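Before any comments, here is the structure.
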Amino acid sequence: MNRRRATLVPLGLAILAGGAVAVALGEGDLSPAEQKAARAAEEKALALGGKVFTDPSLGTAERSCSTCHDNPQKPQLSLKGVVSRFPRWDRDAGKVITLQQKFVQMQERSLKAKKTLPLGDDRWNALEMHLRGLK
Ligand code: HEC
Numbered sequence: 020m021n022r023r024r025a026t027l028v029p030l031g032l033a034i035l036a037g038g039a040v041a042v043a044l045g046e047g048d049l050s051p052a053e054q055k056a057a058r059a060a061e062e063k064a065l066a067l068g069g070k071v072f073t074d075p076s077l078g079t080a081e082r083s084c085s086t087c088h089d090n091p092q093k094p095q096l097s098l099k100g101v102v103s104r105f106p107r108w109d110r111d112a113g114k115v116i117t118l119q120q121k122f123v124q125m126q127e128r129s130l131k132a133k134k135t136l137p138l139g140d141d142r143w144n145a146l147e148m149h150l151r152g153l154k
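In this note's numbering, the protein residues as written are 20 to 154.
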């Protein structure tokens with residue numbers, strides 16, 4: 020085994036042992052401080068996402084996303100698993116749209132918002148985290 024191979028093999032094993040996160044980042048492992056910051060940021064986003072889901076101030080119709088999408092009378096409107104169904108073709112838009120574009124469409128149409136949140140807004144990102152976590 021030459022020198023280069025000798026260093027590459029243990030590196031590969033370390034990435035395998037580190038699991039999906041290290042592989043997805045592709046830049047080695049996060050430092051413990053970064054891991055802590057990442058966890059704190061994600062937990063904060065998850066909590067914010069839950070609030071966004073139930074926030075009537077996103078529109079003017081005195082209802083929130085949860086009015087329709089967390090309604091025991093309408094189990095077919097549950098958003099469980101929705102994160103993996105987008106991007107996809109949308110009838111209203113007449114084209115392929117992302118999940119956040121669907122959020123904006125809903126905010127406009129179902130919550131009667133006068134002004135919609137921009138794509139990539141922290142609140143939409145947090146809502147995605149919340150919906151991914153739905154069991
Ligand atoms: C008045 C009831 C109502 C409210 C309020 C509402 N929605 Fe919807 N939503 C629907 C209905 C009905 C559909 C299915 C028809 C469609 O796709 O337009 C839907 C579809 C969706 C879908 C696609 C679901 C899937 O399985 O493909 C997403 C995502 C979504 N809504 C998100 C939201 C978000 C985010 C909010 C709040 C900003 C919201 N909705 C508010 C009624 C509502």
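Idealized CB from N, CA, C, for every residue including glycine. None of the values given here were measured: they were computed from a predicted structure.
Check: Look up ARG142 in the DSSP assignment and say whether it is helix, strand or coil.; Outcome: helix
Check: Once DSSP output is grouped into helix, strand and coil, what is the label at LYS154?; Outcome: coil
Check: Would you check whether the ligand HEC has a heavy atom nearer than 7 Å to the C-beta of GLN92?; Outcome: no
Check: When we look at the beta-carbon of GLY31 and count the other beta-carbons within 10 Å, is it buried (16 or more) or exposed?; Outcome: At GLY31 the pLDDT is 43, less than 50, meaning the model places this residue with poor confidence; the figure from the coordinates comes in the next sentence. That one is exposed.
Check: Go to LYS121, then tell me how far its alpha helix (DSSP H) extends in each direction, as first and last residue.; Outcome: 118 to 128
Check: According to DSSP, simplified to helix, strand and coil, what is LYS63?; Outcome: helix
Check: Using a threshold of 8 Å, state whether the C-beta atoms of PRO87 and LEU77 are closer than that.; Outcome: Inspection of the sequence shows that residue 87 is occupied by Cys rather than by Pro. Going by C-beta atoms, CYS87 is not nearer than 8 Å to LEU77.
Check: With hydrogens ignored, establish whether the beta-carbon of LYS133 is closer than 7 Å to any heavy atom of the ligand HEC.; Outcome: no
Check: Which of the three DSSP states is assigned to ARG110 in this structure?; Outcome: coil
Check: Residue ranges of each alpha helix (DSSP H) run of no fewer than 4 residues wholly in the stretch 50 to 106, ordered along the chain?; Outcome: 51 to 72, 84 to 88
Check: So, is the C-beta of ALA132 closer than 8 Å to a C-beta in chain B?; Outcome: Considering every chain present, this structure includes no chain B. It has just one protein chain.
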